[in-house]
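A.B. asks: Quick note: the sequence shown, position 23, residue 23 per the UniProt record's numbering, numbers continuous. This is the structure, below, for whatever I ask next.
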Amino acid sequence: MEIPPIPIVFYLIQALVHAKTSVGRGWDQMFESIFSVRRLLRLVRSGDSRRFGLELEADGEAIIAQIAADAALRLVPMAAFITAKVKRKDCVAYNAYPENIVLRAVANYVSRRFRVVATSRDRIIRGVIEAMFDQTPIYVIRRDLASFYETVPLEPVRNRLLYDTAIPRSVRHYLREFYEHHCGVNIIGLPRGVGLTTVLVELAMQPFDEAIRAIPGVYRYFRYSDDMLILTYKDPGEVKERVDAALKKLPGMAFNKAKSDEYAFAGDTTSPPDPLRPSTANFDFLGYRFTAEQRINRDRPRKIWVSIADKKTRLMKTRVYLSLKTFLKDGDGNMLIDRLRVLTGNYRINRRGVNFIRRSRYIYAGIYYNYWRCGEYINGIHCPAAPESLRDVDRFLHGHMKTHGGKFRVAISGLPLPQRRRLDGLSFERGFEGRRMVRVPFQRFSKLKAIWRNA
1 MEIPPIPIVF YLIQALVHAK TSVGRGWDQM FESIFSVRRL LRLVRSGDSR
51 RFGLELEADG EAIIAQIAAD AALRLVPMAA FITAKVKRKD CVAYNAYPEN
101 IVLRAVANYV SRRFRVVATS RDRIIRGVIE AMFDQTPIYV IRRDLASFYE
151 TVPLEPVRNR LLYDTAIPRS VRHYLREFYE HHCGVNIIGL PRGVGLTTVL
201 VELAMQPFDE AIRAIPGVYR YFRYSDDMLI LTYKDPGEVK ERVDAALKKL
251 PGMAFNKAKS DEYAFAGDTT SPPDPLRPST ANFDFLGYRF TAEQRINRDR
301 PRKIWVSIAD KKTRLMKTRV YLSLKTFLKD GDGNMLIDRL RVLTGNYRIN
351 RRGVNFIRRS RYIYAGIYYN YWRCGEYING IHCPAAPESL RDVDRFLHGH
401 MKTHGGKFRV AISGLPLPQR RRLDGLSFER GFEGRRMVRV PFQRFSKLKA
451 IWRNA
């Protein structure tokens, strides 16, 4: 008796069952909705309860479940946002929690789907230092993209996202809503202040970044938002022309001429060295100043000195002055002390807002952690040291507090002795060297920093 052939569907079912058994949890995630409760719970951030007036510790899962249900039905609106000036730039903010969670989910999906990787500032700084060790002539091209978010081209990314049928319809719905409410019929410009914008901008810049890396002679290229740094072995003239040509393919974008420059680290190896040629050269990038030897030594890496950029030390002085000026108005000695403690010290921010978030608990920031790569690099080894510029900031701080006849000194002299002693002990340099930690409640911390928002 002949055995009838087994339908091919049977084999397909068997294969699918085997795949699910093998992959297990990965299978469930593959077909899990972008707006599932489990995925949205991962997007809850520390501070959400305070910011949105919610009890996420107690009701988090119920709140997220409702958002997930509404998001899946495309009921979360994208039209209710506010616009405010931050550092003279228009920034957008959504005050309702559902909109924020949905935007985070869409940004997370797009970044994973298109492999948009945001490089950290610290990783870029490490890369710049390592590149400067090279024992060959180096030319550094510094560029800054003017009005970056306002001029980034929307096409072809917008069409790519809205008409790609591989992207879930729910995601395309919210992307369409986002573009319609914030961009309309414009061909350039994305709103500042929204996390999704950062992902869309990086996606739009991918072809440009690839074009720069492909230029002959370019061996290292760094871009952090609108700040660019190109390191090349070749004379920068030809490289600059190709960089300009690549930018022309992004209609509307232009370089900020005031922040564009070139630097040469190409000293020869002749002996003795030319006495008329500077022994070092420097440039600023991402808040640091990089100083390196001009002269090339074939026996060892370049010696490099990393310090804080002048622009950042001026910002520190501005914030000191604003703190003292605010004290003149409100007379609150404790607020003055805490503001200056935050400026001169270091602090950690609790990233775990509610108990179902699982990620690194703290991030560290402050005068040391923001500039911990400062110091001298000899033979490629980091020798940490407090930047000398911090002494200048200390002189600025205590000079304003103690100058005879000064308006701040008169006001501070009226404080109780314990408070005056605490002010006397504050130091940017010692805060860096000793990694002094400051503990301030979150709500008070936000109030302390509010006066520096536009500084």
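Here a beta-carbon is modelled for each residue, glycine too, at the ideal position from N, C-alpha and C.
1. Hey, would you say Ile187 sits closer than 8 Å to Leu162, going by beta carbons?
2. Check whether the Cβ atoms of Asn346 and Arg422 sit closer than 8 Å, and answer yes or no.
3. Report the residue from His181, Gly60, Ser279, Phe52 whose alpha carbon sits nearest the alpha carbon of Ala96.
4. Does the structure place the stretch 69–87 close enough to the stretch 167–180 that three or more beta carbon pairs sit under 8 Å?
5. By Cβ distance, which residues of its chain are closer than 6 Å to Leu397, with the 5 residues on each side in sequence left out?
6. Any idea which residues DSSP pairs Val306 with across the strands?
7. Assuming Arg113 and Ile167 are in contact, meaning their beta carbons sit under 8 Å apart, how far apart are those beta carbons, in whole angstroms?
8. If distances are taken between C-alpha atoms only, which option among Gly331, Leu40, Thr344, Glu241 comes closest to Ser68?
9. I'd like to know whether the C-beta atoms of Pro301 and Asn379 end up nearer to each other than 8 Å.
10. Provide the residue span of the alpha helix (DSSP H) that contains Asn108, from first to last.
11. Check whether the stretch 120–137 touches the stretch 245–255, taking contact to mean three or more Cβ pairs, one atom from each stretch, closer than 8 Å.
12. For a test of the three-state rule: what should DSSP assign to Asp226, helix, strand or coil?
13. State yes or no: is the C-beta of Ser307 within less than 8 Å of the C-beta of Pro384?
14. Let me confirm a value: Gln29 is counted as buried when at least 16 other C-beta atoms fall within 10 Å, else exposed. Which label applies?
15. Quick check on the burial criterion: 16 or more other C-beta atoms within 10 angstroms. Buried or exposed for Val354?
16. Beta-carbon separation of Ser120 and Val199 under 8 Å?
17. In this structure, what does DSSP give as the bridge partners for Ala264?
18. Give the single residue among Lys317, Ser413, Gly287 whose Cα lies nearest to the Cα of Ala309.
19. Asp235 lies in the alpha helix (DSSP H); which residues open and close that run?
20. Going by beta carbon distance, what residues of the same chain come within less than 8 Å of Ala455, once the five residues before and after it are set aside?
21. By the DSSP assignment, the beta strand (DSSP E) with Ile363 in it spans what residues?
22. My understanding is that Leu54 touches Ile101, with C-beta atoms under 8 Å, so please give their C-beta distance in whole angstroms.
23. Nearest by alpha-carbon distance to Gly47: which of Arg38, Gly60, Val37 is it?
24. Could you check the C-alpha separation between Ile412 and Ser147 for me, to the nearest Å?
25. Helix, strand or coil for Thr165? Go by DSSP, reduced to three states.
26. Please state if the CB of Gly431 and the CB of Thr344 are separated by a distance shorter than 8 Å.
27. What is the C-beta distance between Arg143 and Ser225, in whole angstroms, given that I count them as a contact (C-beta under 8 Å)?
28. State whether the stretch 403–412 contacts the stretch 323–331, with contact taken as three or more CB pairs (one from each stretch) at a distance under 8 Å.
29. Under a Cβ-count criterion, where at least 16 other Cβ atoms within 10 Å of its own Cβ denotes burial, should Tyr149 be classed as buried or exposed?
30. Roughly how many whole angstroms lie between the Cα atoms of Phe35 and Ala71?
31. Provide the residue span of the beta strand (DSSP E) that contains Thr83, from first to last.
32. With respect to the alpha helix (DSSP H) encompassing His400, which residues constitute its N-terminal and C-terminal limits?
33. Can you tell which of Glu202, Phe265, Phe428 has the C-alpha that lies nearest to the C-alpha of Val157?
C.D. replies: Short version:
1. Within the sequence shown, the letter at position 187 stands for residue 187. Within the sequence shown, the letter at position 162 stands for residue 162. For Ile187 and Leu162, no; Cβs fall outside 8 Å.
2. Taking the sequence shown and counting its residues from 1, the one referred to as residue 346 is at position 346. Taking the sequence shown and counting its residues from 1, the one referred to as residue 422 is at position 422. It is not a contact, given that the beta carbons lie outside the stated cut-off.
3. Indexing the sequence shown from 1 puts residue 96 at position 96. Ala96 has its Cα closest to that of Phe52, out of His181, Gly60, Ser279, Phe52.
4. yes
5. For the purposes of this step, residue 397 is taken as the residue at position 397 of the sequence shown. Same-chain partners within the cutoff: Val320.
6. Counted from its first residue, the sequence shown places residue 306 at position 306. According to DSSP, which records beta bridges pairwise, Val306 is partnered with Phe290, Gly375.
7. Counting from one through the sequence shown, the residue named residue 113 turns up at place 113. Counting from one through the sequence shown, the residue named residue 167 turns up at place 167. That pair is a contact at about 7 Å.
8. For the purposes of this step, residue 68 is taken as the residue at position 68 of the sequence shown. The sequence given here places Ala at residue 68; Ser does not occur at that position. When each option's Cα is compared against that of Ala68, the closest is Leu40.
9. Here the question's residue 301 lines up with position 301 in the sequence shown. Here the question's residue 379 lines up with position 379 in the sequence shown. Their beta carbons are under 8 Å apart, which means Pro301 touches Asn379 by this criterion.
10. As a first step, residue 108 is located in the sequence shown; it is residue number 108 there, counting from the start. Residues 97–113.
11. no
12. The count along the sequence shown starts at 1 and reaches residue 226 at position 226. Three-state DSSP puts Asp226 in coil, outside helix and strand.
13. For the purposes of this step, residue 307 is taken as residue 307 along the sequence shown, with counting starting at 1. For the purposes of this step, residue 384 is taken as residue 384 along the sequence shown, with counting starting at 1. No; because the gap between Cβ atoms is not below 8 Å, this pair is not in contact.
14. One-based indexing of the sequence shown puts residue 29 at position 29. Per-residue confidence for Gln29 stands at a pLDDT of 46, beneath the threshold of 50, marking its modelled position as unreliable; no derived number is given.
15. Taking the first residue of the sequence shown as 1, we reach residue 354 at position 354. Low per-residue confidence applies at Val354: pLDDT is 46, beneath 50, and the placement is therefore not dependable, though the value from the model is reported in the following sentence. Counting Cβ neighbours within 10 Å, Val354 comes out buried, since at least 16 surround it.
16. On the sequence shown, position 120 is the one that residue 120 refers to. On the sequence shown, position 199 is the one that residue 199 refers to. For Ser120 and Val199, no; Cβs fall outside 8 Å.
17. As a working note, residue 264 is residue 264 in the sequence shown. DSSP output for Ala264 lists Tyr139 as bridge partner(s).
18. Within the sequence shown, numbered from 1, the residue matching residue 309 stands at position 309. Of the candidates Lys317, Ser413, Gly287, the one whose C-alpha sits nearest the C-alpha of Ala309 is Gly287.
19. Reading the sequence shown from its first residue, position 235 is the one you call residue 235. From DSSP, Asp235 is part of no alpha helix (DSSP H); its letter is neither H nor E.
20. Indexing the sequence shown from 1 puts residue 455 at position 455. Leu315, Thr318, Arg319, Leu322, listed in sequence order.
21. Numbered from 1 along the sequence shown, position 363 holds the residue referred to as residue 363. Taken as a continuous stretch (DSSP letters only), the beta strand (DSSP E) holding Ile363 covers 362–366.
22. As a first step, residue 54 must be located in the sequence shown, where it is residue number 54. As a first step, residue 101 must be located in the sequence shown, where it is residue number 101. That belief does not hold up - the Cβ atoms of Leu54 and Ile101 are roughly 11 Å apart, past 8 Å.
23. The residue labelled residue 47 in the question sits at position 47 within the sequence shown. For Gly47, the nearest C-alpha among the options comes from Gly60.
24. The residue labelled residue 412 in the question sits at position 412 within the sequence shown. The residue labelled residue 147 in the question sits at position 147 within the sequence shown. So the alpha carbons of these two residues sit roughly 42 Å apart.
25. By one-based count along the sequence shown, residue 165 stands at place 165. Coil at Thr165, not helix or strand.
26. In the sequence shown, residue 344 corresponds to position 344, counting from 1. In the sequence shown, residue 431 corresponds to position 431, counting from 1. Taking 8 Å as the Cβ cut-off, Thr344 and Gly431 qualify as a contacting pair.
27. Residue 143 sits at position 143 when you count from the first residue of the sequence shown. Residue 225 sits at position 225 when you count from the first residue of the sequence shown. Their Cβ separation, rounded to whole angstroms, is 12 Å, which puts Arg143 and Ser225 out of contact at 8 Å.
28. yes
29. Within the sequence shown, residue 149 is the residue found at index 149, counting from 1. It is buried - the Cβ of Tyr149 has at least 16 other Cβ atoms within 10 Å.
30. Locating residue 35 in the sequence shown gives position 35, counting from the first residue. Locating residue 71 in the sequence shown gives position 71, counting from the first residue. Rounded to whole angstroms, Phe35 to Ala71 spans 6 Å at the Cα level.
31. The count along the sequence shown starts at 1 and reaches residue 83 at position 83. Its beta strand (DSSP E) spans residues 82–86.
32. If you number the sequence shown from 1, residue 400 lands on position 400. Note, His400: alpha helix (DSSP H), 389–402.
33. Residue mapping note: residue 157 aligns to position 157 of the sequence shown, counting from 1. The candidate whose alpha carbon is nearest that of Val157 is Glu202.
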